[in-house]
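One structure is given below, encoded as structure tokens.
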Amino acid sequence: MRELTALYADLAVWLVARWEALAPFVAFIGIGAVLGVVTLLIRYLRIPDIQFYIRRQARLRERFGRRRQMRARISRMPV
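Every position in the sequence shown, counted from 1, becomes a number in this note's numbering once 10 is added.
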């Protein structure tokens with residue numbers, strides 16, 4: 011029984027050591043996947059509010075450049 015317990019303990023230590031090494035890569039892949047899915051949802055489901063916001067920001071950027079875009083964004087912020 012002690013050998014089995016020691017085997018499980020060794021296995022747990024090995025898994026934790028491997029996870030600590032791989033955790034950053036797994037986190038980056040997970041974040042990338044979430045951002046990709048959100049981007050696809052916005053693009054293909056045509057969520058109106060977000061699409062409107064993106065188009066409005068593009069129009070402001072074309073007309074006035076970045077500084078005016080920031081001013082327009084701040085002036086329309088809800089109170």
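All C-beta atoms in this analysis are idealised placements derived from N, C-alpha and C, irrespective of residue type, glycine included. For clarity, every value in this text was computed on a predicted model and none was experimentally measured.
What does the alpha-carbon distance come out to for the pair Ala31 and Thr49? Taking the first residue of the sequence shown as position 1, residue 31 is located at position 21. Taking the first residue of the sequence shown as position 1, residue 49 is located at position 39. If you draw a straight line from the Cα of Ala31 to the Cα of Thr49, it is about 29 Å long.
Considering Arg53, what are the terminal residues of the alpha helix (DSSP H) in which it resides? Numbered from its first residue, the sequence shown carries residue 53 at position 43. It spans 12 to 55 - the alpha helix (DSSP H) in which Arg53 sits, taken as one unbroken run.
Span separating the alpha-carbon of Glu13 from that of Arg53: Here residue 13 refers to the residue found at position 3 of the sequence shown. Here residue 53 refers to the residue found at position 43 of the sequence shown. Answer to the nearest angstrom: the Cα atoms are 56 Å apart.
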